[in-house]
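**Student:**
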Amino acid sequence: MARSPAAARPAPARSTRLLLATRKGLWTLTSDLARNGWRLAGPQFLGHIVHHAVADPRDRRTLLAAARTGHLGPTVFRSRDNGRTWKEAVRPPAFAQGSGRIVDHTFWLAPGHADEPDVFYAGTSPQGLFRSGDAGATWEGVEGFNAHPQRKAWCGGDQDGTPDGAKLHSILIDPRDPRHLYIGMSGGGVFESVDGGGDWRPLNRGVRADFLPDPAPEYGHDPHCVRFAGGNPDRLYQQNHCGIYRLDRPGDTWQEIGATMPKSVGSVGFPLAVDPRDPESLWVLPMDGTSVWPRTSPGGRPAVYRSRDGGKSWKRQDQGLPRSQGWWTVKRQAMTTDGRDPTGIYFGTTSGEVWGSRDEGRSFRCLARHLPHIYAVEVAAG
Amino acid sequence: MTARSSHEAATVVRVRVPSPLRSYTGAAEVGIAVPVLAPELPPTVGGVLASIDGAYPGLRFRIVDEQGDVRRHIKLFVGNALTRDLATPIPAGEVLMIVAALSGG
């Protein structure tokens with residue numbers, strides 16, 4: 001593969017806008033230039049379950065939101081004016097007729113390659129991959145995955161998923177090659193395509209799956225969140241059901257980097273965020289994955305853990321966060337960074353709070369509270 | 383009621399719409415024109431839902447999945463009769479009622 005491009009330059013000073021996808025609608029949270037004052041706006045799509053909302057960094061005006069309600073089927077809403085007006089997709093992600101499969105909800109949205117304006121990818125529950133070439137108006141199945149003869153072996157049946165349903169997530173597009181894709185699946189593992197989604201291969205060597213009879217299978221793993229390292233698409237970080245991992249390409253064996261986390265905290269969690277300006281820097285937000293998997297902050301003392309050396313060591317960051325009785329869960333799409341200097345880091349909780357740091361995690365403050373269960377936090381153009 | 387356009391005959395079926403779908407229709411009840419294939423063939427539930435999607439794009443997929451099955455939390459009544467079969471005929475004068483079942487939290 002080509003050499004890694006230089007780490008991204010810091011975004012110029014402007015406000016930071018967060019898209020807050022929740023179980024009851026979509027809100028936005030917009031900062032002043034100093035990221036000191038924040039203004040909450042919304043809701044849009046009140047009563048819809050919004051699993052994910054993303055902004056298109058290519059045109060800085062297109063937003064997509066994946067929505068459904070408890071009663072109605074899934075759809076995608078799209079805005080071409082930064083969220084002022086929205087239209088529903090003409091043809092939302094749906095499996096092929098006759099396949100017997102049904103999209104329960106669209107779970108993950110990803111803008112495509114910079115050279116492919118208006119291309120977006122979507123991952124669904126149960127595991128399906130879809131592509132739009134018209135900024136989300138119509139969606140087609142990526143049949144190289146959806147109809148792959150091994151797909152069912154990789155993923156299991158559509159009813160075999162996690163409590164919220166099996167999911168395809170973490171759709172990564174190599175910034176140097178639009179045909180080079182990675183996906184993560186819970187369950188299934190991490191897979192790679194080098195031909196634009198025509199064919200796929202498992203990429204899970206070195207990752208534990210100690211919930212399976214064979215603890216080192218080729219596939220069937222449970223990655224929770226997979227990200228490119230900031231500015232280095234030859235490195236991937238992964239928060240998994242069974243720890244935290246790093247993969248340096250062209251190698252194909254993941255290295256466990258969560259073993260150096262404090263034993264009392266462990267290395268289970270859902271989200272993982274990277275510093276867009278530093279490939280060695282990442283954050284995780286551990287949760288209690290013991291016994292019945294309470295999925296809360298360990299001991300009720302929430303903290304972010306940061307590594308600045310690619311996962312060799314970790315530092316606890318909890319200044320400003322509750323010292324006790326903070327029983328949070330932060331979902332896999334609900335922690336992100338803003339690319340400013342210093343990097344801002346933000347996360348949303350299932351209890352409807354948004355926390356943010358404008359100094360790379362050294363201190364946090366609560367930016368919003370009393371919102372519904374937060375599914376996703378993403379940065380949009382300010 | 384049968385209406386005739388310049389191209390084909392159509393009958394209008396009244397459809398009662400639950401509140402979660404009124405963002406599409408803007409009304410609690412709409413009249414949907416359904417093509418009449420033959421005088422002896424009444425419109426079907428599936429035919430009405432196909433026509434309703436023409437009038438209000440996207441509505442059908444919210445209540446019928448991609449395999450052609452009525453979604454789990456949706457109920458359809460033709461008159462007072464519950465049906466999940468899209469081939470169910472709708473006799474003249476009957477109303478198709480869409481119900482979005484309530485679910486928790």
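Protein sequences, first through last, are from chains G and S.
At position 190 of the first sequence the residue is numbered 190 (the numbering used here), and the sequence of numbers has no breaks.
Each number in the numbering used here corresponds to the 1-based position in the second sequence with 382 added.
In this text, a Cβ means the ideal position worked out from N, Cα and C, and glycines have one as well.
(1) Starting from the beta carbon of GLN97(G), find every residue of chain S whose beta carbon is closer than 8 Å, and list them in chain order.
(2) Please classify PRO402(S): does DSSP put it in a helix, a strand, or coil?
(3) Can you tell which of VAL304(G), LYS331(G), GLY300(G), TYR305(G) has the C-alpha that lies nearest to the C-alpha of GLN325(G)?
(4) With DSSP as the reference, label TRP283(G) as helix, strand or coil.
(5) Scan the segment 74 to 94 of chain G for residues whose Cβ lies nearer than 7 Å to a Cβ of chain S and list them as they occur along the chain.
(6) Three-state secondary structure (DSSP) at TRP154(G)?
(7) Check each candidate in PRO213(G), ASP338(G), VAL292(G), ARG249(G) and name the one with the smallest Cα separation from VAL274(G).
(8) At what residues does the alpha helix (DSSP H) containing GLY436(S) begin and finish?
(9) Pick out whichever of ALA482(S), PRO439(S), VAL460(S) has its Cα sitting closest to the Cα of VAL90(G).
(10) Considering only residues of the same chain and omitting the five flanking positions on each side of VAL418(S), which have a CB-CB separation below 7 Å?
(11) State the beta-bridge partners of ALA66(G) as determined by DSSP.
(12) I'd like to know if PRO402(S) contacts chain G, where contact means its C-beta is closer than 7 Å to some C-beta of that chain.
(13) How about ARG453(S): is its C-beta nearer than 7 Å to some C-beta of chain G?
(14) Bridge partners for GLY123(G) per DSSP, in chain order?
(15) For GLU140(G), list the residues DSSP reports as bridge partners.
(16) For HIS373(G) and chain S, any beta-carbon pair shorter than 7 Å?
(17) Between GLU476(S) and the rest of its own chain, which residues show a CB-CB distance below 6 Å, the 5 nearest in sequence each way excluded?
(18) Using a Cβ-Cβ cut-off of 7 Å, state whether GLY408(S) counts as contacting chain G.
(19) Can you tell me which residues form a DSSP beta bridge with SER15(G)?
(20) For a contact meaning CB atoms closer than 8 Å, what does GLY397(G) contact in chain S?
(21) Indicate whether at least one CB of chain S lies closer than 7 Å to the CB of HIS48(G).
(22) With 7 Å as the threshold, decide whether the Cβ of LEU109(G) is near any Cβ in chain S.
(23) Compare the C-beta of ARG398(S) against all C-beta atoms of chain G and say whether one is closer than 7 Å.
**Tutor:** Reading from the atomic positions:
(1) GLU448, GLN449, GLY450
(2) helix
(3) GLY300(G)
(4) strand
(5) THR75, GLU88, VAL90, PRO92, ALA94
(6) helix
(7) ASP338(G)
(8) 427 to 437
(9) PRO439(S)
(10) THR384, ALA391, ALA392, THR393
(11) HIS52(G), VAL76(G)
(12) yes
(13) yes
(14) TRP108(G), LEU129(G)
(15) ARG131(G)
(16) no
(17) VAL460, GLY461
(18) no
(19) Looking at the DSSP assignment, SER15(G) forms no beta bridge with any residue, so it has no partner.
(20) In the structure as shown, chain G begins at 1 and stops at 382. Residue 397(G) is therefore absent and cannot be evaluated.
(21) no
(22) no
(23) no
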